[in-house]
Each structure stands twice: as C-alpha cells, then as structure tokens.
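Protein chains in written order, with the numbering used here: chain R, 873 to 1190; chain W, 873 to 1190. From the three backbone atoms N, C-alpha and C, an ideal C-beta is built for every residue, glycine too. Read through the structure below, which is laid out as structure tokens, and then see the notes.
2 protein chains.
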Amino acid sequence: MDFYRTLGYVALGSYMRRLGEVSLQASAQVYQMYGMEMEVKWFPVFLSVAQNEAETVSKIAEYIGQSHVGVSLMVKEMTKAGLFETQKGPTDKRETLVKLTEKGQEMNLRMNELLEDLQDTMNEVRNECETDVLRSLMEYEQVILKKPLPERIKARLKQRERNKVTIVPFDPTNERHREGFKRINYEWIERYFKVEPLDMESLEHPEKFYIQKGGIVLLAEYQGQIVGTSALKPMTDDCMELSKMGVDNNAKGLGIGELLGQSIIDEAHRMGLKRLYLETNSRLLPALNLYQKLGFKTVKDFSSPYSRADVAMELWLG
Amino acid sequence: MDFYRTLGYVALGSYMRRLGEVSLQASAQVYQMYGMEMEVKWFPVFLSVAQNEAETVSKIAEYIGQSHVGVSLMVKEMTKAGLFETQKGPTDKRETLVKLTEKGQEMNLRMNELLEDLQDTMNEVRNECETDVLRSLMEYEQVILKKPLPERIKARLKQRERNKVTIVPFDPTNERHREGFKRINYEWIERYFKVEPLDMESLEHPEKFYIQKGGIVLLAEYQGQIVGTSALKPMTDDCMELSKMGVDNNAKGLGIGELLGQSIIDEAHRMGLKRLYLETNSRLLPALNLYQKLGFKTVKDFSSPYSRADVAMELWLG
DNA sequence: TTTATTTACGTAATTAATTACGTAATTATT
DNA sequence: AATAATTACGTAATTAATTACGTAAATAAA
C-alpha cells in the first residue's frame, strides 16, 4: 500500500475509495456487535426510511446518491429480511412506498443506539486528529465540483500539445509538404466558397507563386503531420500579403493559427517589412478574430482578384 | 446526496468511497483526453510496473493493496492489450515476471506527461483549499489504524449494555428467579468443584436458607433473563456472609459481578451491618479480583463448612 | 383530446472487485 | 531425505454495484 503514499495527490481518488472501503468493512463488524442482522450496504437505505427522509425508491436513491436500481434491489432484499414492507403509491401508482415493519422498528431502536455510540466514537477519533477530515473532504468536493478535474487539466494538455507543434518553412521537394498545403487549403476554400483559378495555381505550385517571387510559405507540423499553412506574397518593396492561412480540422483548438500567424509576423520583421496586408471574408469569424488578436486592423477601401474577399486588413510593423 | 452531509462523521466511510469513485471517473475522462487506451483500474498496476516498483503479480498486489487475483486478471488484460509481456520467473518458477512491451513504453511516456500535468492540476486544487485533504486522510488513517473503530466502539457498547442490567431482589414466587438462581450457581460449582449437600439445600430453597434467616438474595436481570446471583446470610448481629456470587456465561464481560457486589454492599450499609465475610477458592481468580476491587481483604485463619473454601475475605463497612 | 415527453421503477446484462479453493514450487522442520 | 508449511498464482464462484433498456403512469404540449 505504499503506492498511494508515493503518488500522493495524483492517486487521491483511489486512496479515498480504498480508505472508505476499509471503514465500511469496520462498520460490518460493528453491526454484528450490536446484534443487528444488517448488511453494510443497507445502512443508507435503512436510515433514509427509518428517519423519514425518503420513502419511495427513487427518493431514497436520490437522497443517498445511488442508482434507483440498486435501491430497488436492496429494498427487495430488506423486505425479504422482514425489515421493510412496500405498497404502491396511493396517488401515483408508479411509486413504491417503503415502510418499516415492526421488526424494522426494533432494528431502528438498536440502530439509534449504535448511531449514538458511533457519534461519540467519531468525536473521539476527531479529537485525536489535528485536522478535520470531514471538513477537508467537503471542501475538496466543493472545489472539484466548481471546476472538475478534466476541465482543469484540459488547459495544461493544450499547452503541452501546442509545444509539440513546430513551424517549418515549405520544402518544395517534400511531398508531405506539397500534399498538406494543397489539402488543408482546398478543404476550407471548398467548404465556404468555390475554388478559383488563382487558388489552383497557388496550391499546385506554391514555390513558383510565393517563394520564387520573394515570399515565404510556413507550415505547422504536429506528430509528423502537416496541420497548418500560411504564405506571404510580395506586393511592394516593404509590404507583403498574408494568405492561405489554414488549419487541419483535426488539429483545431490547439492555437496553431496563432502560432503560424506569429511566426509569419516574426519573419516579416526579420525581412524588414513595414506592412502586412490580407484579404478575407466576413463569414470566417474565427479567422477575423485571429487576425485581430495578431494586431491586424481593417482597411476601408480595397479591390481584390478573389471574389470571396469582402474584408481587408493590415498590420503595420513597428 | 444530502445523506452524507446530514450524517457527517457517522457515514464518513461511505462518503469517502463515493468521493473516491467520482474522482476515479474523472480520471477515465482524462486518460481519453491524453489519447491513452487505458482503463482506470489499470492505472495502479501499470505504474507499479512502469516505475519498476514491482514486477511480479503478488508484489504488484501488495504494492497497490489489491488482491493478487485482481492483479493477475488485469495483467492478463493488459498483456492482451499489448502493454505488458510476461514470462515465468527465472529463479522461482512460480513467479510471473511482468514487463512493458514497446507499446507499453510509449504509453508510459504519455503517462508521464499526464502525471506531470495532473501533479500541477492537483497543486492548483490544493491551493484553492484551505485544508490539505491528503494530509487529513493520512492522519485519519493513522488514527484508526492505531485503534480501529470496532475496538473503540466496544467500550461504549459495553457501557450501554451494562446500563440495561437491573438488580432485583429475589422473589420466591417467581419461577424465573428460582430457576436462574439454581442454574447459574449449579453451573459454576459443577464446573470447578463438586456440589455439596449444603449447596443443594440453599439452591433449592433460597428463601428458607437466606431470606427467612434475615438475609437477602439479589439477582441481576438483563433482557428479561436472570444473568447473575448473590446472597447474604446472617452470621452475627452486625455481620453477614456473602455467597452464591455467580454470572451467566453468556453475560460475562459486562461487569455484572461488580454491579451485584456493589448492590450487596449498598444493602449491607442500609441494614447497618459492620462487616461482610466471604469464603472462596484460590482457583477462582476472576472472583478474587472482583472481591479485591470491591474492597475485601483476605482473612488469615478460618474454618468453613464447605470443603472447596480455601480463602476467606472480609470487608469492614465504614 | 391526442400526442409527446418525462418520471418511477423494474429486469437483464455488464463490470469490477472480491472470496474460496486448488496446484505447483519453494522453504522450513524433523 | 522425507514431510510439513508456506508462497505464488490461477480458475471459478460470488458480491455489489453499475448501465442499458423496457413498460406503465403521469404530465406537458399541440
């Protein structure tokens, strides 16, 4: 059992369950000592009914936080053991009303004795502890209810995966690069618009369309796959146009667009450009948000060779 | 789930188990997020092997605190899933050595990432809590390991049952009283010695032997049963002899002898006696202890009509 | 009113663990 | 060396819970 001690908080769940299990086994012994023919698992059901906290199967289930099926089975067992008697609900015929029999009431008397002694015993235990376990557990429950663990860990996972994304310059001799650039851009263009002749040319021969003209093409690589694309094409001496910003659908949500955009901007700085320009469409909200985040501002009047362009943006590099 | 809140410490075991269960379910989601085809229950077994903490079935079982059978089954499953490979122990042919396969090692890399993130996440949770759950739980475990709950509650149960014992004067017309007095005394006399003629007379007719001579007979009653006897027989004006102190074997351990003895002493006070006298046998250690506890001192020289008597004691009433 | 949805609860199947028990290998005892 | 006890581990049965799913009753919506 060193396991839990070594792992500490990481195995907290298992540890709690195990400790709970041990405590419950102790309860079984205690019931016997008090001469109660009572299975440990009956305890919550019995108390719900005996203390009139709940009297139908599903009310009991909700009260004790177990499945109604489990309660249903236990009620059956306890009825067979002579502790409970059941009848159909008088107003709602779907309900099963559960009541204590005379034997059940006797059991309840002994149960109350036990509870009293247990109360005292637990106070004794509590006094021997410096900390208050129950309070700690309840606080912990509140904290992980407010924001569950999977949600908490998601952000860290995202960061970790993002770190695995690398930005690489387009290599015309690399078939994976050519294929990725083509696939990702065809995908989004086809989804939202129509592929235009200019697209065909640039996607089939990025090296001619961008690189040989003095521009650059950057790709994002993740787990050996090309998952993002971007390209710069010279417009004037100190201005280039950003385009072909696309991210593979399977890799969305990792912030790859931002990574690519930032890399492009870094490159632009390095090349001594003064301004980046881009055209996009108002329907592509995530893209607009990304550009805005990267620092681009909308440009009022412009004309474009692409029919899909209805928004233009620019970024002045300081 | 109000149940646990209402019961508080009394249902601590169930509460812990439930909370643990919930945490473990969260883990399942996390594994999926990290792309691990890993069942939650495999987690401890996997880590034991991956971190070289244990590598045979029973070592793993001991390390993680589960049955070797469970581990055996899990190892089988994980072998089938391609994570483990097993071989018989080279020195001890009974052992099953468990090792990670290549796939298992890959999984271990991802597992380490997960553990790192989980570590950070749990630290985050910890910072949101005022108290330290794990520390609390460990402290609680230590406390109930030192003295388990059943042991703790035993003392209280004993006190509670002792309170249910009542001391009643012998009623010659009550057949239960006559039968109880006879049965309990015959039992212990026959067990240790031989029944003597004087015994026969006093046990068959206590009212003649004790009460009509000015003495008294007190009985202990518990759950409607006679479970203890005692009698006083006048010797002189201000001295009586205590005898027939017996407790039913089924009711031993409740302190009934002490209760009876104290009642007899109280009665003696009320009757204005100066001294109580008794004869017993050195083999009856518990009886000697009881008399000593009640304040009796041994008397050096004495003669007795009972052959079994080899010790005499007296108590001077202040 | 008719129809759709929700609720209460049960049966059957499944899951995750255990205990009971048997066998073979190892270690201790005579 | 022979015998007894212990250990390692597996199979089968059992237990305690769940999920999946179906039915009937009650409630809401059209």
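(1) Counting beta carbon pairs with one atom in the region 911 to 924 of chain R and one in the region 971 to 987 of chain R, are three or more of them shorter than 8 Å?
(2) Establish whether the CB of R:Ala933 and some CB of chain W are separated by less than 8 Å.
(3) Report the rounded CA-to-CA distance for W:Pro1158 versus W:Arg1048, giving the unit in angstroms.
(4) Please report the residue range of the beta strand (DSSP E) in which R:Lys1169 lies.
(5) Throw me the rounded Cβ distance for the R:Arg889 and W:Glu893 pair, which I believe falls under 8 Å.
(6) Excluding the 5 residues flanking R:Leu1166 on each side, which residues of the same chain have their C-beta closer than 6 Å to its C-beta?
(7) Hey, which unbroken runs of the beta strand (DSSP E) at 3 residues or more fall wholly within the region 957 to 1032 of chain W?
(8) Going along the chain, which residues of the region 985 to 1004 of chain R sit with their C-beta nearer than 9 Å to a C-beta in chain W?
(9) At what residue ranges does the region 1111 to 1143 of chain W contain a whole run of the beta strand (DSSP E), taking only runs of 3 or more?
(10) Beta carbons nearer than 7 Å to chain W: which residues of the region 888 to 919 of chain R have them?
(11) DSSP three-state label for W:Glu1093, please.
(12) So, with DSSP's three-state summary, where would you put R:Glu893?
(13) For the region 1012 to 1028 of chain W and the region 901 to 917 of chain R, state whether three or more C-beta atom pairs, one from each stretch, are separated by less than 8 Å.
(14) So, using beta-carbon positions, are R:Tyr1058 and R:Leu1156 closer together than 8 Å?
(15) Given a threshold of 16 other Cβ atoms within 10 Å of its Cβ, counted over all protein chains shown, does R:Val970 qualify as buried or as exposed?
(16) Pull up the DSSP beta-bridge partners for R:Tyr1149, would you.
(17) In three-state DSSP terms, what is W:Leu955?
(18) Considering only the beta carbon of each residue, do W:Ala1123 and W:Val1099 sit closer than 8 Å?
(19) Whole angstroms are fine: how far does the CA of W:Lys1169 sit from the CA of W:Arg1147?
(20) Taking a contact to mean a Cβ-Cβ separation below 8 Å, would you say R:Leu1150 touches R:Met1185 in this structure?
(21) Tell me which residue opens and which closes the alpha helix (DSSP H) that W:Val1040 is part of.
(22) Buried or exposed: R:Leu981, going by 16 or more other Cβ atoms within 10 Å of its Cβ?
(23) Just the C-alpha distance for W:Ala983 and W:Glu967, rounded to the nearest angstrom, thanks.
(24) So, is W:Leu1017 buried or exposed, given that buried needs 16 or more other C-beta atoms within 10 angstroms?
(25) In chain R, which residues lie with their C-beta within 8 Å of the C-beta of W:Glu1192?
(26) Alpha carbon to alpha carbon, how far is R:Met1107 from R:Gly1087?
(27) Please check if any C-beta of chain W sits within less than 8 Å of the C-beta of R:Pro1020.
(28) Can you look up W:Gly1086 in the DSSP assignment and give me helix, strand or coil?
(29) Classify R:Ser1074 as helix, strand or coil using the three-state DSSP reduction.
(30) Got a sec? Which residues, its chain only, sit under 6 Å from W:Phe1053 by beta carbon, not counting five neighbours each side?
(31) For R:Glu1051, count neighbouring Cβ atoms within 10 angstroms of its own Cβ and tell me buried if that reaches 16, exposed if not.
(32) Do the CB positions of R:Phe875 and W:Ile936 come within less than 8 Å of each other?
(33) Figure out for me which residue from W:Lys1080, W:Leu1126, W:Asp1109 has the closest Cα to the Cα of W:Ala1092.
(34) What residue from R:Ile1128, R:Asp1120, R:Phe1174, R:Val997 has the CA that sits closest to R:Ser895's CA?
(35) R:Val912 and R:Ser930 - do their beta-carbons sit closer together than 8 Å?
(36) What residues in its chain sit with their C-beta under 7 Å from that of W:Glu925, if we drop five residues either side in the sequence?
The structure says:
(1) A contact between stretches requires three or more CB pairs, one per stretch, nearer than 8 Å, and the region 971 to 987 of chain R meets this requirement with the region 911 to 924 of chain R.
(2) In the first sequence, the residue the question calls residue 933 of chain R occupies position 61. So, not an interface residue.
(3) Counted from its first residue, the second sequence places residue 1158 of chain W at position 286. Counted from its first residue, the second sequence places residue 1048 of chain W at position 176. Each residue's alpha carbon lies about 26 Å from the other.
(4) Here residue 1169 of chain R refers to the residue found at position 297 of the first sequence. For R:Lys1169, the enclosing beta strand (DSSP E) covers residues 1169 to 1171.
(5) To locate residue 889 of chain R, count along the first sequence from 1; it is residue 17. To locate residue 893 of chain W, count along the second sequence from 1; it is residue 21. The Cβ separation is near 6 Å, so the contact holds.
(6) In the first sequence, residue 1166 of chain R corresponds to position 294, counting from 1. So the list reads Gly1133, once near-sequence residues are dropped.
(7) Runs found: 968 to 972.
(8) The residues in question are Glu985, Leu986, Leu987, Glu988, Asp989, Leu990, Gln991, Asp992, Thr993, Met994, Asn995, Glu996, Val997, Arg998, Glu1000, Cys1001, Glu1002, Thr1003, Asp1004.
(9) Listed in chain order, the beta strand (DSSP E) runs fully inside the region 1111 to 1143 of chain W are 1111 to 1119, counting runs of at least 3 residues.
(10) Against chain W - using a Cβ distance shorter than 7 Å - the residues of the region 888 to 919 of chain R are Met888, Arg889, Arg890, Leu891, Gly892, Glu893, Ser895, Leu896, Ala898, Ser899, Gln901, Val902, Met905, Tyr906, Pro916.
(11) As a working note, residue 1093 of chain W is residue 221 in the second sequence. Correct three-state label for W:Glu1093: strand.
(12) For the purposes of this step, residue 893 of chain R is taken as the residue at position 21 of the first sequence. If DSSP states are grouped into helix, strand and coil, R:Glu893 belongs with the helices.
(13) Counting Cβ pairs under 8 Å, three or more are found: they touch.
(14) Taking the first sequence and counting its residues from 1, the one referred to as residue 1058 of chain R is at position 186. Taking the first sequence and counting its residues from 1, the one referred to as residue 1156 of chain R is at position 284. Contact: no.
(15) Your numbering for residue 970 of chain R matches position 98 in the first sequence. Sixteen is the threshold: when 16 or more other Cβ atoms of the shown chains lie within 10 Å of the Cβ of R:Val970, as they do, the residue is buried.
(16) Residue numbering aside, residue 1149 of chain R sits at position 277 when the first sequence is read from its first letter. DSSP, once it has assigned bridges, lists R:Glu1113, R:Glu1186 as partnering R:Tyr1149.
(17) The sequence position of residue 955 of chain W within the second sequence is 83, counting from 1. Coil.
(18) Residue 1123 of chain W sits at position 251 when you count from the first residue of the second sequence. Residue 1099 of chain W sits at position 227 when you count from the first residue of the second sequence. Yes. Within cutoff.
(19) Along the second sequence, read from residue 1 onward, the residue named residue 1147 of chain W stands at position 275. Along the second sequence, read from residue 1 onward, the residue named residue 1169 of chain W stands at position 297. Taking the straight line joining both Cα atoms gives about 11 Å.
(20) By 1-based counting over the first sequence, the position of residue 1150 of chain R is 278. By 1-based counting over the first sequence, the position of residue 1185 of chain R is 313. Yes. Within cutoff.
(21) Within the second sequence, the letter at position 168 stands for residue 1040 of chain W. Not the alpha helix (DSSP H): W:Val1040 falls in the beta strand (DSSP E), residues 1038 to 1041.
(22) As a first step, residue 981 of chain R is located in the first sequence; it is residue number 109 there, counting from the start. Per the 10 Å Cβ criterion, exposed.
(23) Here residue 983 of chain W corresponds to residue number 111 of the second sequence, with the count starting at 1. Here residue 967 of chain W corresponds to residue number 95 of the second sequence, with the count starting at 1. For clarity, residue 983 of chain W is Met in the given sequence; the question names Ala instead. For W:Met983 and W:Glu967, the distance between alpha carbons rounds to 27 Å.
(24) Position 145 of the second sequence, counted from the start, is the residue given in the question as residue 1017 of chain W. It is exposed - the Cβ of W:Leu1017 has fewer than 16 other Cβ atoms within 10 Å.
(25) An answer regarding residue 1192 of chain W cannot be provided, because it is not within the stretch 873 to 1190 covered by chain W.
(26) Sequence index remark: in the first sequence, residue 1107 of chain R carries index 235 (1-based). Sequence index remark: in the first sequence, residue 1087 of chain R carries index 215 (1-based). Counting only the Cα atoms, R:Gly1087 lies some 9 Å from R:Met1107.
(27) Here residue 1020 of chain R is taken as the residue at index 148 of the first sequence, counted from 1. At least one CB of chain W lies nearer than 8 Å to the CB of R:Pro1020.
(28) Taking the second sequence and counting its residues from 1, the one referred to as residue 1086 of chain W is at position 214. If DSSP states are grouped into helix, strand and coil, W:Gly1086 belongs with coil.
(29) As a position in the first sequence, residue 1074 of chain R is number 202, starting the count at 1. Helix, per DSSP.
(30) Here residue 1053 of chain W is taken as the residue at index 181 of the second sequence, counted from 1. Excluding residues up to 5 positions away in sequence, Pro1078, Thr1101 lie with their Cβ nearer than 6 Å to the Cβ of W:Phe1053 in the same chain.
(31) Stepping through the first sequence from its first residue, residue 1051 of chain R is reached at position 179. Around the C-beta of R:Glu1051, fewer than 16 other C-beta atoms lie within 10 Å, and the residue is accordingly described as exposed.
(32) Working through the first sequence from its first residue, we reach residue 875 of chain R at position 3. Working through the second sequence from its first residue, we reach residue 936 of chain W at position 64. Contact: yes.
(33) Numbered from 1 along the second sequence, position 220 holds the residue referred to as residue 1092 of chain W. Among W:Lys1080, W:Leu1126, W:Asp1109, the Cα nearest to that of W:Ala1092 belongs to W:Leu1126.
(34) Reading the first sequence from its first residue, position 23 is the one you call residue 895 of chain R. When the alpha-carbon of R:Ser895 is set against those of R:Ile1128, R:Asp1120, R:Phe1174, R:Val997, the nearest one is in R:Val997.
(35) For the purposes of this step, residue 930 of chain R is identified with residue 58 of the first sequence, where counting begins at 1. For the purposes of this step, residue 912 of chain R is identified with residue 40 of the first sequence, where counting begins at 1. No, these two residues do not count as a Cβ contact at 8 Å.
(36) Here residue 925 of chain W refers to the residue found at position 53 of the second sequence. Cβ neighbours of W:Glu925 beyond the five flanking positions: Tyr935.
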